[in-house]
Structures are given as C-alpha cells and as structure tokens.
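Engineer: In our numbering, the protein residues as written are -15 to 285.
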C-alpha cells in the first residue's frame, strides 16, 4: 500500500514539475516554440505542392485558398475566447493546446490527404499560437522591453520561414517527400515536448482573473465585440487599417507563391524534355547522315 502511495505521489510530482516547466519564464521560451512550429510547416512547402496537385488536380489553388480561408475564419472566431480563458487558467495549457492542434495535421499529409486538409481547416479553432505567445511575452516583460521582445519573436518567425522551405525542397529532391514529412513530424513532436516539459507558466496564480473574482463574460469571448470597439477609437482604427492593408498583399503573395512555383517547375521540366528530344533528334540525324555518306563512298569505290 505504501509503495503504491509512493508511486502515485512520484507520478503527481512529475506531472507538477512538467506543468510548471524549468526555471523562470523567458522570451527565449517563446522564441523556441515559434521557431520549431513554423520551421516544421516551412519544410512542407514542396510536399504541399505535390499533395495539392494530386488531390485536387482541377482546382488546386482554389481548394488551397478555401482550406486556409476556413482555417483563418475559425481562428478569428476562437482567438478572443482562447485569450480570455488563458487569462483565467494560465498561458501554458493553451500554448500546449494550440501547438498540438496546429501541428496535428502534419503526419496526415502521407497517411491520408483528405484527412490532412480536413484537419488543417478544423485546426483553425486552436491555431492561435501567436496570440498566446504574445500574451506570454507580455506577462514576463516590462512595458519598455515589450516592443523589442515582440520584434524578436516576429524575426524568429520570419527566419524559420526563410530557411525551412529551401531545406525542405533540397531534402525532397534528394530523398523524397516522405522523409520531409517525417522530419517535420519529429520537429513538431519536439516542439510539443518542449512546451510540456520545459516552458514554465508565465502567469502566476495570484495574477489570474479568477484570483480577483472576475468571471469570464460573453463580451470577452465575442470576436465581433473587438471590431465594434475598434470604431470608437480613431487611433486604434488607423492602426487596424494599416495592419489590414499591410497583410493583404502579403496574403496575395503567399497564394501566388504556389502558382509561381508550379509554373517554374513546369517550365523547367518542359525545357529539359525539349532539350533532350532536340539533342536526341540531332544525334540521330547526324548518325544517319554519316552512315549514308559512308555507304555512298563505298558504293562509289
């Protein structure tokens, strides 16, 4: 009986230590989480093209836009609720949940493409890692440090997306898409394990809204309430319009990027085939001419 009690206490202590993470919460924890998550997705740029082309040969880019549109809309609806709940129950549990559900579709790219695209769409409900990460950073930084910390997180996000597609394309060309998907899955699992075992909670119990006796309200969870409040402050409205106009061409560029890659790879393949055919024809003609000339000379002799 004592042994069972000791084992149970040991397991409970291990779970408590895992939930609390290691050391104090730092911006480094947020940076690592963001880098691993988006590096894993960046590796899948080339395999994504293949799966889209094979699954939706007639409506490749229409379906790509539809899937990511549904994901973005669901993220818009769920972000305020997740943010409000993280103020009550802490950041780490929701950070773990968002990373897990965002990365969950990755292995299904090789298992079942239809499940892969379905899970990407549904994962939008929890695909708000950036919102939780920014709240995490805000908890552990002073006001004068916050802009620098946000910039570091954004720069890490950009660095992961700049480096990973090239690495993924190289590995895909050398070893195939299956290896790239496997590598992305391993990195995603490492990210989840890092959040669970290493990342500490940034919001102490005494700082949570429940300790103040504030219950969550529907207004906090309503995504349209934020939009209504935007119009009441001209400065906030201008900032929102600026952000919207800044991200609009970026979203269009991202959508056109896949079409550009398809055109480039198709042109390269077509040119290579044409050159090979031309060379083969030229060689065949040269051989035929040489043989004909040699035969004519022998007959004349």
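Glycine included, C-beta positions come from ideal geometry on N, C-alpha and C.
Would you call the segment 14 to 33 and the segment 78 to 93 in contact, with 3 or more CB pairs under 8 Å?
Structural biologist: Flag = yes, the segment 14 to 33 and the segment 78 to 93 touch.
Engineer: At what residues does the alpha helix (DSSP H) containing residue 127 begin and finish?
Structural biologist: Here the alpha helix (DSSP H) through residue 127 covers 127 to 159.
Engineer: Spatial neighbours of residue 26 within its chain, please: CB distance less than 7 Å, with the 5 preceding and 5 following residues excluded, ordered by chain position.
Structural biologist: Counting only Cβ-Cβ distances below 7 Å, and skipping sequence neighbours, we find 144, 145, 148, 149 and 152.
Engineer: Take residue 37 and list the residues in its own chain whose beta-carbon comes closer than 7 Å to its own, dropping the five residues that flank it on each side.
Structural biologist: So the list reads 44, once near-sequence residues are dropped.
Engineer: If you reduce the DSSP assignment to three classes, tell me which class residue 186 lands in.
Structural biologist: The answer is coil: DSSP assigns residue 186 none of H, G, I, E or B.
Engineer: Pull up the CB-CB distance for residue 55 and residue 108, whole angstroms please, since I reckon it's below 8 Å.
Structural biologist: At roughly 3 Å, the Cβ-Cβ gap stays under 8 Å, so residue 55 and residue 108 are in contact.
Engineer: Buried or exposed: residue 157, going by 16 or more other Cβ atoms within 10 Å of its Cβ?
Structural biologist: Classification of residue 157: exposed, given that the 10 Å Cβ count is below 16.
Engineer: Pick from 91, 34, 30 and 132: whose alpha carbon is nearest that of residue 168?
Structural biologist: Nearest of 91, 34, 30 and 132 to residue 168, Cα basis: 91.
Engineer: CB residue 39 to CB residue 89, shorter than 7 Å?
Structural biologist: Result no, Cβ atoms of residue 39 and residue 89 do not sit closer than 7 Å.
Engineer: Nearest to residue 13 by CA position, among 133, 155, 57 and 34, is which residue?
Structural biologist: If we check each option's Cα against that of residue 13, 133 comes out closest.
Engineer: Going by Cα to Cα distance, which pick from 142, 77, 135 and 100 is closest to residue 234?
Structural biologist: Residue 142 is the option with its Cα nearest to residue 234.
Engineer: Give the straight-line distance between the Cα atoms of residue 41 and residue 48, rounded to the nearest whole angstrom.
Structural biologist: Spanning the two alpha carbons is a distance of roughly 11 Å.
Engineer: Nearest to residue 183 by alpha carbon, out of 160, 60 and 74?
Structural biologist: Out of 160, 60 and 74, 74 has the C-alpha closest to the C-alpha of residue 183.
Engineer: Roughly how many angstroms lie between the CA atoms of residue 63 and residue 112, to the nearest whole one?
Structural biologist: One C-alpha to the other measures close to 6 Å.
Engineer: Taking residue 103 as part of the alpha helix (DSSP H), name the residues at either end of that continuous run.
Structural biologist: Unbroken alpha helix (DSSP H) run through residue 103: 97 to 106.
Engineer: Skipping 5 residues on each side, what residues in its chain have a beta carbon closer than 6 Å to that of residue 87?
Structural biologist: Here the set comprises 172.
Engineer: Counting only beta-carbon atoms, is residue 24 nearer than 7 Å to chain D?
Structural biologist: Here chain D cannot be found, since the structure has a single protein chain.
Engineer: When the Cα atoms are used, what is the spatial distance from residue -8 to residue 181?
Structural biologist: Note that residue -8 scores 45 on pLDDT, short of 50, meaning its location in the model is unreliable and no value can be drawn from it.
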